[in-house]
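*Asks:* For reference, the structure I am asking about is given below.
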Amino acid sequence: MISCTEFIPAYSEGFKFLESIGGREEVEKFWSELSDRYLKDSLTKLVAEKGLEGCYEYWSHSLNEEAADFTMILDKERGEFIIDMHKCPSMGMLLELKHMIPYHSYCDHCEALYKPIVEKVGYVYKETVDSDNASCLTIIKKKNEDE
């Protein structure tokens, strides 16, 4: 089994390879397939059944498992779930490696994986990424009628 420290660089290099053979479209196709295969049953089910609380439950588990430096806020009054990723362990590791350059759009995989899932069940997914600092802000909220 591949370790986390080996997987992250391999994942990044895999994105580069896919782009080299089929352009950005090939990378996005791969991300879409990952989302459909591996998140449909877990994340879709949680968000469909529990709403924003399901988001909180899902990311509480996954981000703690990754040992990420983050703050999560579930604001029921405003109808928002927020992840403030202070330091992404994956991108942070890639930025520290001296023997390789990370895939130029590495951080885009998160939105590509999660946005279709939450939007399919009636939520809006917005993400602001600062790849150079391995940080991002994700906001998920219930879709308004005018959106």
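Residue numbers for the sequence shown follow the numbering used here, beginning at 636 and rising by one.
Backbone N, C-alpha and C define an ideal beta-carbon position, used for all residues, glycine too.
Treat the numbers as computed from the prediction; the structure is a model and nothing was measured.
1. What are the start and end residues of the beta strand (DSSP E) that includes Met726?
2. With contact counted as at least three CB pairs below 8 Å, one residue from each stretch, are the segment 679 to 690 and the segment 762 to 770 in contact?
3. Check the DSSP bridge columns for Asp710 and list the partner residues they point to.
4. Between the Cα of Ile718 and the Cα atoms of Asn699, Tyr741 and Leu729, which residue gives the shortest distance?
5. For the alpha helix (DSSP H) holding Tyr749, just list the boundary residues, first then last.
6. Assuming Ser740 is part of the beta strand (DSSP E), what are its boundary residues?
7. Return the CA-CA distance between Ala703 and Trp666, expressed in angstroms with no decimal places.
*Replies:* A quick look at the data gives this:
1. Segment Pro724 to Glu731 is the alpha helix (DSSP H) holding Met726; no beta strand (DSSP E) there.
2. no
3. Glu715
4. Asn699
5. Asp743 to Lys755
6. Ser740 -> no beta strand (DSSP E), and no H or E assigned at all.
7. 21 Å
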